[in-house]
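Asks: Got a structure here, written out as structure tokens. Questions coming.
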Ligand code: FES
Ligand code: FES
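Protein chains in written order, with our numbering: chain A, 1 to 178; chain B, 179 to 971.
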């Protein structure tokens with residue numbers, strides 16, 4: 001129905017390009033999904049508008065701000081730059097999946113402790129970039145931390161508490177492994 | 179006296195809502211969907227100044243899924259507060275590139291977006307007012323009838339047949355005499371470009387306008403729900419009670435979400451679709467292009483000095499490039515009347531603050547409310563005068579800083595409890611280890627290494643800019659189990675108001691923090707009134723209101739307990755969840771037993787549910803005199819100083835900030851973690867204004883950089899290597915009428931960061947910068963000009 005001429009069908013979902021939809025299967029935060037998505041739909045739209053995972057934010061839609069960062073197959077990406085169709089077979093982690101059971105993860109706890117958030121709009125993306133850093137480098141230097149979140153704008157905190165929180169989370173996570 | 183040691187005030191509690199924010203549970207208007215909701219998109223003017231000859235939207239209307247198209251004909255209401263100069267949508271003409279000329283409501287954003295492209299607008303281009311000079315020439319008028327606009331009379335002064343939205347003045351002493359007394363007269367000119375607020379959540383509004391009545395429901399990413407209610411009701415010509423404004427989590431504001439923005443337009447759009455809810459969300463590009471900015475500004479200073487370095491007179495012009503509209507702009511301009519010469523004793527002054535229309539994106543409140551701009555000028559000017567007088571810049575400031583007994587430029591008397599700028603400067607100087615200017619030889623040696631260090635400092639001050647009769651209120655209610663709910667009218671958009679207010683409530687009630695909850699999601703139908711969440715005034719005003727509410731609740735409990743315990747209320751005290759006799763402490767009743775009224779064993783009840791309220795009304799303020807600007811506009815001043823240690827790369831012009839040290843006479847720190855957050859955030863935002871940010875316009879006054887790509891904000895890589903915050907908490911200079919002595923701090927950290935950096939750059943390079951931003955390109959060009967000319971000598 002949606003594959004007729006542009007905007008002439010009855011389908012008014014999201015991007016609505018009118019092109020044939022693509023069937024994809026993927027996993028988000030441990031849950032399996034099967035969806036038919038518009039080929040122009042972004043991963044951000046899929047997560048936010050379709051799956052209603054509101055934690056992933058849109059700050060620019062142009063790959064410049066990092067508010068939409070999620071971990072796709074182990075790598076932090078700007079979900080506004082990834083097509084939903086590319087997520088076929090992918091494993092995705094969003095901020096909603098960071099906690100363990102009903103417990104906050106160490107990283108989330110340290111964000112609270114160091115007040116690494118004010119308005120909170122950049123926070124989910126910031127957490128995902130930090131998570132991805134700690135996954136590949138459990139003992140990051142301050143320079144590595146700054147580098148890892150350089151693509152995540154925060155207008156509120158001045159980054160100082162965020163860097164402290166990530167540094168402290170790294171230490172605690174390493175200790176937790178011993 | 180039962181003076182207790184403070185239990186909650188001064189503790190670094192976690193912010194109350196932190197958990198929701200780290201788990202993705204916090205819902206912002208960006209995320210919200212209301213059943214039956216439609217989407218809107220807007221069409222922007224491509225021209226900076228043009229008549230709208232005709233709009234043909236027949237094609238757009240035909241597009242499937244389109245529900246309504248609205249133009250300035252339908253959305254013709256005026257909107258504004260201080261200077262009512264704007265229609266909801268452009269009417270007969272457009273005044274800036276980016277002004278909204280039409281809007282489409284459709285079933286999806288995509289359809290709305292496509293429909294917008296089908297609207298045909300015929301424009302007749304008009305000559306453009308590009309800048310302040312052209313505006314002052316007044317050959318072309320941005321607003322032909324500005325003298326007829328509704329505005330706050332006696333406070334703002336629009337000039338007929340000009341582009342001046344308001345001309346405000348300060349006149350104190352006799353400048354003629356003052357300049358005669360001077361040994362030297364120094365003149366300087368400085369400027370700053372317009373800068374964007376860049377909240378990470380762009381502006382977004384959902385409106386639902388009941389077609390059968392006047393009722394309008396708004397969900398908005400707004401700082402000031404009660405201001406939205408007031409201005410929306412006024413614009414629509416309906417009673418305030420018909421408007422219910424709901425503000426959930428807000429993704430940053432910085433002044434850009436003060437006042438009213440998209441709300442009236444979206445209300446009209448909802449009306450156009452028979453009251454279905456309509457959502458309008460700005461893209462990042464639209465956020466830059468449509469929504470207001472911090473005004474660009476030019477300051478000209480002429481200062482008389484004795485050879486010892488005492489100011490004898492000042493003549494100042496602050497000219498604000500407010501762009502196409504000036505509703506909030508005029509109020510920003512007004513602050514210069516009482517704060518535009520810095521925290522100095524100036525015996526004779528004439529200061530003109532002119533808010534001026536041009537054909538560019540318009541201006542509004544921005545963190546600092548004009549003070550970053552005025553202080554960029556004042557504090558650079560002070561440094562330049564110190565150079566010329568050959569006096570240490572620290573000494574020159576010390577000679578002129580305000581002290582108790584002095585009066586400000588608007589004639590406000592400084593009390594010991596107004597705060598202590600001297601202590602701030604000393605703290606910064608000591609932490610910076612400033613020992614005076616570096617020698618030519620040292621500089622030369624450093625230049626050869628390619629990197630030069632420099633130190634600089636700058637003073638700052640600010641009091642809330644608000645009407646003299648500004649007020650706020652709080653309501654407090656105890657649950658059956660002794661938990662307390664606090665209702666406020668202010669919005670916590672990250673600055674931490676709710677946590678601070680919970681601390682105040684917990685302190686006064688002497689209950690644990692976990693027993694106090696501040697009710698989130700401010701809703702004007704339910705929450706008590708607050709004027710605006712702006713101006714760094716809420717800790718002071720809200721803190722006082724919450725304190726009074728808590729004290730009233732304690733008093734209510736004592737009155738009931740006094741009857742039960744058979745004693746006068748004076749003999750009772752409270753703590754640990756009990757009202758008890760001061761001496762025979764076993765005579766006590768728990769809060770829980772009093773919460774819904776006390777029940778005797780025989781079943782008799784007395785008292786009732788515990789509900790209290792507290793209000794705070796700004797006290798003793800007056801409007802500035804229209805001619806002289808003399809008056810008392812400053813409810814609570816916060817003074818401060820920044821010191822900067824930086825290194826500049828002589829080749830690339832890149833500035834690396836090694837350390838920023840900042841001292842504020844804050845009176846009392848209520849929550850250090852949250853105050854630190856304001857300071858770090860403010861400083862880095864100040865670094866953005868200093869080194870990176872600024873709007874660029876082309877010859878047609880078209881905004882060239884409405885993208886992060888070319889108009890970005892500081893990232894984690896741009897921050898100073900070290901930030902050191904010093905809080906002065908000296909009881910003698912603390913704010914006696916503030917909660918526990920506290921003053922506001924929200925905006926101050928941003929003010930004068932550029933000035934301190936500019937001054938440090940002089941120290942490094944012996945180059946005086948007059949204009950922001952100090953991008954590598956601008957710095958490198960200046961180095962080239964200065965040293966190549968020098969060497970050729
Ligand atoms: S929303 Fe994806 S980078 Fe900004
Ligand atoms: S906390 Fe507001 S943008 Fe980072």
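Glycine included, each C-beta is placed from N, C-alpha and C at the ideal position.
Is there a C-beta anywhere in chain A that falls below 8 Å from the one on residue 830 of chain B?
Replies: Position 652 of the second chain, counting from 1, holds the residue named residue 830 of chain B. No, residue 830 of chain B does not count as interfacial toward chain A.
Asks: Look up residue 629 of chain B in the DSSP assignment and say whether it is helix, strand or coil.
Replies: Position 451 of the second chain, counted from the first residue, corresponds to residue 629 of chain B. The answer is strand: DSSP assigns residue 629 of chain B an E or B state.
Asks: Is residue 911 of chain B near ligand 2 - that is, is its Cβ less than 7 Å away from at least one heavy atom of it?
Replies: Translated into the one-based positions of the second chain, residue 911 of chain B becomes position 733. Flag unset: Cβ of residue 911 of chain B not near ligand 2.
Asks: Can residue 67 of chain A be considered in contact with ligand 1, in the sense that its beta carbon sits closer than 7 Å to one or more heavy atoms?
Replies: Along the first chain, read from residue 1 onward, the residue named residue 67 of chain A stands at position 67. Yes, ligand 1 has a heavy atom inside 7 Å of this Cβ.
Asks: Given that a residue counts as buried once 16 or more other Cβ atoms are within 10 Å of its Cβ, and exposed if not, what is residue 254 of chain B?
Replies: Position 76 of the second chain, counting from 1, holds the residue named residue 254 of chain B. Flag for residue 254 of chain B reads exposed.
Asks: Just the Cα atoms here: how many angstroms apart are residue 662 of chain B and residue 781 of chain B?
Replies: One-based indexing of the second chain puts residue 662 of chain B at position 484. One-based indexing of the second chain puts residue 781 of chain B at position 603. Whole-angstrom Cα-Cα distance: 25 Å.
Asks: Pull up the DSSP beta-bridge partners for residue 905 of chain B, would you.
Replies: Taking the second chain and counting its residues from 1, the one referred to as residue 905 of chain B is at position 727. Answer is B:842.
Asks: Give me the subset of the segment 417-439 of chain B whose CB atoms are less than 9 Å from a CB atom of chain A, sorted by chain position.
Replies: The residues in question are 427, 428, 429, 430, 431 and 432.
Asks: For residue 533 of chain B, collect the residues of the same chain with a Cβ closer than 6 Å to its Cβ; drop the 5 residues on either side in sequence, then sort them by chain order.
Replies: Translated into positions along the second chain, residue 533 of chain B becomes position 355. Around residue 533 of chain B: 343, 344, 498, 500, 504, 507, 508 and 511.
Asks: So, helix, strand or coil for residue 692 of chain B, using DSSP?
Replies: One-based indexing of the second chain puts residue 692 of chain B at position 514. Three-state DSSP puts residue 692 of chain B in a helix.
Asks: Locate the alpha helix (DSSP H) running through residue 217 of chain B, then write down its first and last residues.
Replies: Here residue 217 of chain B corresponds to residue number 39 of the second chain, with the count starting at 1. Segment 216-222 is the beta strand (DSSP E) holding residue 217 of chain B; no alpha helix (DSSP H) there.
Asks: Can you tell me whether residue 623 of chain B is helix, strand or coil according to DSSP?
Replies: In the second chain, residue 623 of chain B corresponds to position 445, counting from 1. Here residue 623 of chain B sits in helix by DSSP.
Asks: Quick check: the Cα distance between residue 427 of chain B and residue 119 of chain A, rounded to an integer number of angstroms?
Replies: Position 249 of the second chain, counting from 1, holds the residue named residue 427 of chain B. Position 119 of the first chain, counting from 1, holds the residue named residue 119 of chain A. Approximately 8 Å, taken between the alpha carbons.
Asks: Kindly list, in the order they appear in chain B, the residues whose Cβ is closer than 9 Å to that of residue 70 of chain A.
Replies: Here residue 70 of chain A refers to the residue found at position 70 of the first chain. Correct list: empty, because the minimum Cβ distance to chain B is about 11 Å.
Asks: Kindly examine ligand 2 and report whether one of its heavy atoms sits closer than 7 Å to the Cβ of residue 852 of chain B.
Replies: Residue mapping note: residue 852 of chain B aligns to position 674 of the second chain, counting from 1. Incorrect: residue 852 of chain B has no Cβ contact closer than 7 Å to ligand 2.
Asks: Establish whether the CB of residue 112 of chain A and some CB of chain B are separated by less than 8 Å.
Replies: Against the first chain, residue 112 of chain A aligns to sequence position 112. With 8 Å as the cut-off, residue 112 of chain A counts as an interface residue toward chain B.
Asks: Tell me whether residue 821 of chain B, by its Cβ, gets closer than 7 Å to a heavy atom of ligand 2.
Replies: Mapped onto the second chain, residue 821 of chain B falls at position 643. For ligand 2, not one heavy atom lies less than 7 Å from the Cβ of residue 821 of chain B.
Asks: Examine chain C for any beta-carbon lying closer than 8 Å to the beta-carbon of residue 201 of chain B, and answer yes or no.
Replies: Among the protein chains in the structure shown, which are A and B, there is no chain C.
Asks: Could you work out which residues of chain A lie near residue 852 of chain B, taking near to mean beta carbons separated by less than 7 Å?
Replies: Indexing the second chain from 1 puts residue 852 of chain B at position 674. Here the neighbours are 115.
Asks: Using a Cβ-Cβ cutoff of 8 Å, what residues of the segment 35-58 of chain A are near chain B? List them in chain order.
Replies: Those residues of the segment 35-58 of chain A that come within reach of chain B (Cβ to Cβ, closer than 8 Å) are 48, 53, 54, 55, 56, 57 and 58.
Asks: Would you kindly work out how many angstroms separate the C-alpha atoms of residue 903 of chain B and residue 858 of chain B, rounded to a whole number?
Replies: For this step, residue 903 of chain B is matched to residue 725 along the second chain. For this step, residue 858 of chain B is matched to residue 680 along the second chain. Each residue's alpha carbon lies about 8 Å from the other.
Asks: Pick out the complete beta strand (DSSP E) segments inside the segment 861-943 of chain B, 3 residues or longer, and give them in chain order.
Replies: Counting whole runs of 3 or more residues, the segment 861-943 of chain B contains the beta strand (DSSP E) stretches 900-905.
Asks: Relative to the C-alpha of residue 334 of chain B, which candidate in B:434, B:347 and B:197 has its C-alpha closest?
Replies: Mapped onto the second chain, residue 334 of chain B falls at position 156. Looking at the Cα atoms, B:347 is the closest of the given residues.
Asks: What beta strand (DSSP E) runs, 3 residues minimum, are completely inside the segment 303-365 of chain B?
Replies: Counting whole runs of 3 or more residues, the segment 303-365 of chain B contains the beta strand (DSSP E) stretches 342-350.
Asks: How many Å lie between residue 890 of chain B and residue 657 of chain B at the Cα?
Replies: Position 712 of the second chain holds residue 890 of chain B. Position 479 of the second chain holds residue 657 of chain B. So the alpha carbons of these two residues sit roughly 48 Å apart.
Asks: Using only the alpha-carbon positions, how far apart do residue 698 of chain B and residue 354 of chain B sit?
Replies: As a working note, residue 698 of chain B is residue 520 in the second chain. As a working note, residue 354 of chain B is residue 176 in the second chain. Rounded to whole angstroms, residue 698 of chain B to residue 354 of chain B spans 56 Å at the Cα level.
Asks: For residue 499 of chain B, write down the residues that DSSP places opposite it in a beta bridge.
Replies: As a working note, residue 499 of chain B is residue 321 in the second chain. According to DSSP, which records beta bridges pairwise, residue 499 of chain B is partnered with B:474 and B:534.
Asks: Give me the chain B residues within the contact set of residue 127 of chain A, using Cβ-Cβ distance strictly less than 7 Å, ordered along the chain.
Replies: The residue you call residue 127 of chain A lines up with position 127 of the first chain. Ordered by position in chain B, the residues that pass the 7 Å Cβ test against residue 127 of chain A are 200.
Asks: Run the proximity test for residue 78 of chain A: is its beta-carbon closer than 7 Å to any non-hydrogen atom belonging to ligand 1?
Replies: Start at 1 with the first residue of the first chain, and residue 78 of chain A comes out as number 78. Flag set: Cβ of residue 78 of chain A near ligand 1.
Asks: Got a sec? Which residues, its chain only, sit under 7 Å from residue 594 of chain B by beta carbon, not counting five neighbours each side?
Replies: By one-based count along the second chain, residue 594 of chain B stands at place 416. The residues are 582, 910 and 911.
Asks: Taking Cβ-Cβ distances shorter than 9 Å, what residues in chain A pair up with residue 256 of chain B?
Replies: Sequence index remark: in the second chain, residue 256 of chain B carries index 78 (1-based). Neighbours of residue 256 of chain B on chain A: none; closest Cβ ~31 Å, over 9 Å.
Asks: Any idea which residues DSSP pairs residue 763 of chain B with across the strands?
Replies: Walking along the second chain from the start, residue 763 of chain B turns up at place 585. Partner(s): none; residue 763 of chain B has no beta bridge.
Asks: Counting C-beta neighbours from all protein chains within 10 Å, is the total for residue 181 of chain B 16 or more, i.e. buried, or is it exposed?
Replies: The residue labelled residue 181 of chain B in the question sits at position 3 within the second chain. Bear in mind that a pLDDT of 49 at residue 181 of chain B, under 50, signals an unreliable position, so the number given afterwards is only what the model happens to contain. Exposed, because fewer than 16 other Cβ atoms sit within 10 Å of the Cβ of residue 181 of chain B.
Asks: Quick one: is residue 762 of chain B buried, meaning 16 or more other Cβ sit within 10 Å of its Cβ, or exposed?
Replies: Indexing the second chain from 1 puts residue 762 of chain B at position 584. With fewer than 16 Cβ atoms within 10 Å of its Cβ, residue 762 of chain B is classed as exposed.
Asks: Determine the extent of the beta strand (DSSP E) in which residue 432 of chain B is found, giving its start and end residues.
Replies: On the second chain, position 254 is the one that residue 432 of chain B refers to. That residue, residue 432 of chain B, is in no beta strand (DSSP E); it is neither H nor E in DSSP.
Asks: Is the beta carbon of residue 47 of chain A within less than 7 Å of some heavy atom of ligand 1?
Replies: The residue you call residue 47 of chain A lines up with position 47 of the first chain. False, no ligand heavy atom lies under 7 Å from that Cβ.
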